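In mature numbering (1 follows the signal peptide of the UniProt record, and there is no 0), the protein residues as written are -23 to -1, 1 to 829.
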């Protein structure tokens, strides 16, 4: 810390104390001052103005009166609008501002390289002299800025969090951390973007169940934070919708490429947040980065918005694939668009600003198909977790994608317990494209290739690994070896459609894209520019074996359009879907549920092609893509329906209803399969199971949690007051110890950690609320214990009444050690409802390290 800053902070603290001293004896404010304030008294008599000469580097001092200095500060920061309550506090605040302002002109000249930081601040520390927190933040920036450092506030946050974001040098960021009231200074992070048939697959129908009972989500507002929207798509027609809900406080950003007519009774709000993104580019913004408006140039946001709440569209489809009537999950819900993602990614500073605005605008659901790369960050350093906590306090459910980093362990992100974390699954619709080998064998794959096929002609077959590059990167294939042939390309590295383009550029006639072992049997259909198909790892290996064993191998590809009700079964968990255990808090099971996320049809931008390749000139109204980004808006839309059906339910209760009614078996009655392994999935992969919206309408019992519960959770994981202050406005005392462990949070699932050598006993408590139609319902529990674990629930029977709508139970897990992982479940039933909670158990060899 340089000497000048030390003096600044010293004076700051001195006058905080001085304010108290003057309040006690306002007419004797200079008498008997403690020695620590002598410096402030002496400096008051000097009243100098320090100016840094840029050319000579010297420091010049000019005399100013107290009146001149304080008028200058008042003009630039307080705007003359605040009147402190007493003479004593007024004088102390003025003196404080004067001295801080004086020293703001002195600093050590250092590198001016800057980056964006997010600064979390305590709401209660702002001096009364400042009318707004924004003016206080501006003043703090002035204090840490030298004459050659230019800083500006990108956003001020007031609802999701307290604080601001600004572009700072490393020195400025370090010095800001030293000021009282500054909780944390965190570098801005870049995040990445993670249905004609899915309503039918989920069992949604016009005649019964969730759709008619929830009035199709009428007047529920879904805030979609993504790449924006292409408003002209038929999915966003407002035909038949009533006026905009009176509760809505938002607006539409109008520009040359996003006219006022882009908003209607379906798209009721649209804003773009790009200051963090533009700041990251350091002035290198150009047209290829996308319009700085809510208009979607990427397609992702249009796809997710239409999935969550798109209107009914007849004769939808992607070329000749997946034709039929397209519907979003909540067709009468309204859409509020917050564009936070651009060609180079999504930045935390923009995400927080959008969440702040969405809360103020009055959305009911936030859908966020965005997440961090790598392992999930600490909650207090995770802007999505922080913003979602603020949304939760306002009764807003936040649904997030779990990520596409599967099938590895601990890959799930957006794992805070107040976030609804969604994994991806398949549906029972495929787009078959079979490989026919020269010896007559046929292996099934998938493709969305819409051009001329290969007919029944057999073409020479080669492996890309023998032709320059197994992954088929552009420019790396030997055209002499590839021309006129079908090429086998391995999955990994570049995009799947880029592999096909590389084969085409090298003169190949077709491509067979094969999974590696880690990808398993997951099949993702793509709109290739060349006849191409994708095979699972098993069939891919068989084709390669044929290639090696045959001196003149040949193959062809036969495209078979769209098939519904395919075998094997559905749903199955996508291998790309990120998994648990929870990297930060293993006592909380993540992901929460899975939902359709493979080969999903929904609206698309008119700006780019379905492949996003520059050479692809095709434009489509609908596109078919895959990812947990697609599963997230399915659950966002379903959550909107439940909110309409049960307007008094909290976000946690909506989440509980979808979790405890989720399916863990597929459409043929077997346990859901993990495509990465080909065997039974586990709760670390599918969470509570696959969403079953009609059952969620009437779940019987729900598990609720709110602000106090989540604060107790933060205490239980060992966060101190400075970390918790990022989430809450008032000081928190963790000494009460409301939760014995993080697993005591009233969560609808169970995750237990044992010592691998000793085993032990773990006890959790839960509270359930009866929301069924029978007030005097009686529930009994059945237990499926994980192997190696004894599970005891007490009591085993719960009797509800008109007066007793909630009941508590305790669940005890006992193990002697020596295991690795095991799974089970408990299920409460009143013979009408089945309320199921999965159990996941891990035996850990060491104490869980949350510091990483």
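Where is the CB? At the ideal position from N, CA and C, for every residue including glycine.
Just so you know, these numbers come straight off a predicted model, no measurement behind them.
DSSP three-state label for residue i, please.
i           : result
residue 306 : coil
residue 239 : helix
residue 721 : helix
residue 672 : helix
residue 292 : strand
residue 444 : coil
residue 394 : coil
residue 797 : coil
residue 479 : helix
residue 609 : helix
residue 387 : coil
residue 701 : helix
residue 649 : coil
residue 177 : helix
residue 731 : strand
Taking just the CA atoms, how far does residue j sit from residue i?
i           : j           : result
residue 812 : residue 207 : 40 Å
residue 355 : residue 807 : 40 Å
residue 153 : residue 250 : 25 Å
residue 638 : residue 805 : 11 Å
residue 602 : residue 298 : 13 Å
residue 532 : residue 438 : 6 Å
residue 413 : residue 534 : 6 Å
residue 483 : residue 456 : 5 Å
residue 820 : residue 649 : 24 Å
residue 106 : residue 100 : 14 Å
residue 94  : residue 377 : 23 Å
residue 232 : residue 423 : 41 Å
residue 488 : residue 431 : 11 Å
residue 47  : residue 113 : Residue placement at residue 47 is poorly supported in this model, since its pLDDT is 41, which falls under 50; the coordinates still yield a value, given next. Rounded to the nearest angstrom, the two C-alpha atoms are 15 Å apart.
Between which two residues does the alpha helix (DSSP H) carrying residue i extend?
i           : result
residue 688 : 684 to 693
residue 522 : 514 to 526
residue 254 : 252 to 258
residue 338 : 325 to 338
residue 791 : Counting along the chain, residue 791 falls outside any alpha helix (DSSP H), though it belongs to the beta strand (DSSP E) covering 783 to 792.
residue 246 : Element bounds for residue 246: not the alpha helix (DSSP H) but the beta strand (DSSP E), 244 to 249.
residue 456 : 456 to 459
Taking the beta strand (DSSP E) that residue i falls in, what are its first and last residues?
i           : result
residue 118 : Counting along the chain, residue 118 falls outside any beta strand (DSSP E), though it belongs to the alpha helix (DSSP H) covering 110 to 120.
residue 202 : 198 to 203
residue 144 : 140 to 146
residue 815 : 811 to 821
residue 536 : 531 to 536
residue 767 : 767 to 771
residue 633 : Segment 628 to 637 is the alpha helix (DSSP H) holding residue 633; no beta strand (DSSP E) there.
residue 489 : 487 to 491
residue 747 : 737 to 747
residue 161 : 159 to 164
residue 345 : 342 to 345
residue 375 : 374 to 378
residue 169 : 167 to 170
Beta-carbon separation of residue i and residue j under 8 Å?
i           : j           : result
residue 91  : residue 110 : no
residue 168 : residue 323 : yes
residue 288 : residue 308 : yes
residue 279 : residue 580 : yes
residue 312 : residue 572 : no
residue 147 : residue 392 : no
residue 836 : residue 383 : This structure cannot settle anything about residue 836, because the visible part of the chain is limited to -23 through 829.
residue 375 : residue 345 : yes
residue 317 : residue 230 : no
residue 606 : residue 403 : no
residue 737 : residue 792 : yes
residue 730 : residue 766 : no
residue 728 : residue 558 : yes
residue 784 : residue 748 : no
residue 774 : residue 755 : yes
residue 426 : residue 599 : no
Measuring only from the beta carbon, is residue i closer than 7 Å to any heavy atom that is part of the ligand HEM?
i           : result
residue 701 : As presented, the structure is devoid of all ligands, the ligand HEM included, so that no description of it is given.
Using a Cβ cut-off of 8 Å (strictly closer), state whether residue i contacts chain B.
i           : result
residue 807 : In summary, chain B is missing from the structure at hand, where a single protein chain is found.
Quiz item: Is the segment 679 to 699 in contact with the segment 629 to 636, if contact means three or more CB pairs nearer than 8 Å?
Solution: yes
Quiz item: Three or more beta-carbon pairs under 8 Å between the segment 216 to 228 and the segment 581 to 596, yes or no?
Solution: no
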